[in-house]
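So that you can map any letter, position 117 of the sequence shown is 116 in numbering that gives the first Met the number 0, and since no number is skipped, the others follow by simple counting. Think of the CB as a built atom: it goes at the ideal place given N, C-alpha and C, for glycine as much as any other residue. Take a look at the structure below.
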Amino acid sequence: MLCVIYFRETMARRFEIVDTIRRQYRQYNAVGTQLIARLLPPADNSDPVGHFVAGVNELFEYALQDVSDSDMVGITIQNRVNQNDKAIGISFRRKDQLSEEVTWSVFEKVSQSNSRFNALDTLVVTVHSVKMSAGYRRVALKRRGRSLSVMAYLKKVSWR
């Protein structure tokens, strides 16, 4: 039964992962994941542009599945065949701030300027994620100015 579920899951994907390289940078609390993926061709009856958009969205979801929402994420996509083309780079931002609109606007700009970019080429997708600490909300030992209670009292008094 488990083999059948796995087979169905891989059949539903619109991309195939050729290779995965994962690097951890302990000093910076960062992880780099490099996926070498290829988008699968659409079925005969389907819309090729819709298939391409859905395939890239699924690829991003797959690449970002192990990243929490508060982590900083930077993504680079490059054509594996022609390394001289400009890479598609999405600057570092929190994962929950990474929307499809931002991704597609960057993707469209760079893909139109490349000399050779094909939807069925093998792509190198590099995802760098930096774990952001939640913090312990410690109070600083040295404070500047007045404390919060004094400022709240003064603010309350001044509004009367």
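On the DSSP bridge list, what partners appear for asparagine 78?
On the sequence shown, residue 78 is found 79 positions in, with the first residue counted as 1. Per DSSP, Leu122.
Spatially closest choice to valine 72 from Val30, Gly49, Arg13, by CA coordinates:
Here residue 72 refers to the residue found at position 73 of the sequence shown. Among Val30, Gly49, Arg13, the Cα nearest to that of valine 72 is on Val30.
Given 8 Å as the limit, is there contact between the segment 9-26 and the segment 34-50, that is, 3 or more CB pairs closer than that?
yes
Hey, valine 124 and alanine 62: beta-carbon distance below 7 Å or not?
Within the sequence shown, residue 124 is the residue found at index 125, counting from 1. Within the sequence shown, residue 62 is the residue found at index 63, counting from 1. Yes. Within cutoff.
If you follow the beta strand (DSSP E) that alanine 168 is part of, which residue opens it and which one closes it?
No answer is possible for residue 168: the residues shown for the chain start at 0 and end at 159.
Distance check for aspartate 68 and lysine 108, CA to CA, integer angstroms please.
Along the sequence shown, read from residue 1 onward, the residue named residue 108 stands at position 109. Along the sequence shown, read from residue 1 onward, the residue named residue 68 stands at position 69. If I take the Cα positions, the gap works out to 26 Å.
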